[in-house]
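First comes the structure, then the notes that go with it.
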Amino acid sequence: MADAVLFEFLHTEMVAELWAPDPDPGSGGKKKSLSVLEGLGFRVGQALGERLPRETLAVREELDALKFLCKDLWAATFQKHMDGLRTNHQGTYVLQDNNFPLLITMGSGSQYLEEAPKFLAFTCGLLCGALHTLGFQSLVTASVTSLPACKRLAPCRNQRVPGSRTGP
1 MADAVLFEFL HTEMVAELWA PDPDPGSGGK KKSLSVLEGL GFRVGQALGE
51 RLPRETLAVR EELDALKFLC KDLWAATFQK HMDGLRTNHQ GTYVLQDNNF
101 PLLITMGSGS QYLEEAPKFL AFTCGLLCGA LHTLGFQSLV TASVTSLPAC
151 KRLAPCRNQR VPGSRTGP
């Protein structure tokens, strides 16, 4: 429980620091901040992807990799499983979390929806990094239509990532 609170506090402080007013108006602003958060998440996702699946040394199928993200990675990070995983059977997956911990503390009004992306960037990077470590290329995007629920779209390419953990 304490780990979850510490993670939420750290995440909130990262977002607050990156969204602090920038004295240089030409520095890229919000887009740069989103990229920094995604990059941090990517590195953390790579590390977790290397350390978590101890009994499964190789994930060969996309669906297995996404199931790992929804169960093991999400439980290690947020002490809960994702609420849903859907696919169109063409390499695109939708990961649903109806009670996303980093959005719970936000108000539920529609005026807060525009603030949600900055709280989702880190976890998009986290998922991309874990997928990269497991050998899949993906660009994860997130959307929120009502708080605290969010959906993540993860189109995976069948192309394996060089240097990733693949099977024999």
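If you number the sequence shown the way full-length UniProt numbering does, the last residue is 168 and the count never jumps. Note that the Cβ used here is the ideal one computed from N, Cα and C, for glycine as well.
Looking at the secondary structure, which residues open and close the alpha helix (DSSP H) in which residue i lies?
i	result
D64	E62 to F68
K118	P117 to L134
Please state whether DSSP places residue i in a helix, a strand or coil.
i	result
F100	coil
V140	coil
L155	Note that residue 155 is Pro in the sequence shown, not Leu. Here P155 sits in strand by DSSP.
G84	strand
T105	coil
L37	helix
L147	coil
A76	helix
residue 169	Coverage of the chain is limited to positions 1 through 168, which leaves residue 169 absent and any answer about it impossible.
L10	helix
Q90	coil
L52	coil
A20	coil
Once the 5 residues before and after residue i are set aside, which same chain residues still bring their CB inside 7 Å of it?
i	result
R43	G129
K80	W74
C70	H81, M82, L85 and L95
To which residues of the same chain is residue i closer than 8 Å at the C-beta, ignoring the five residues directly before and after it?
i	result
W19	K30, S33 and K118
Measuring alpha carbon to alpha carbon, tell me which of the options ends up nearest residue i.
i	options	result
E8	Q137, M106 and Q111	M106
T145	T133, F100 and S110	S110
A142	H132, G135, E114 and L134	E114
Q137	V15, E17 and E61	E61
Going along the chain, which residues of its own chain have a beta-carbon closer than 6 Å to the beta-carbon of residue i, five neighbours each way excluded?
i	result
M1	Reliability fails at M1, whose pLDDT of 44 lies under 50, so the model's placement of it is uncertain and the value that follows must be treated cautiously. Taken in chain order, the list of residues that qualify is empty.
A4	Q79
F100	P148 and C150
Could you tell me how far apart the beta carbons of residue i and residue j are, in whole angstroms, since I believe they sit closer than 8 Å?
i	j	result
residue 169	G125	Examination of residue 169 is not possible in this model, given that the chain is present from 1 through 168 alone.
K67	L52	Rounded, the Cβ-Cβ distance is 13 Å, inconsistent with contact.
C156	L120	The Cβ separation is near 19 Å, so there is no contact.
L147	A116	7 Å
L134	A65	5 Å
H127	R152	Checking the sequence shown, residue 127 turns out to be Leu, not His. Right, their Cβ atoms sit about 7 Å apart.
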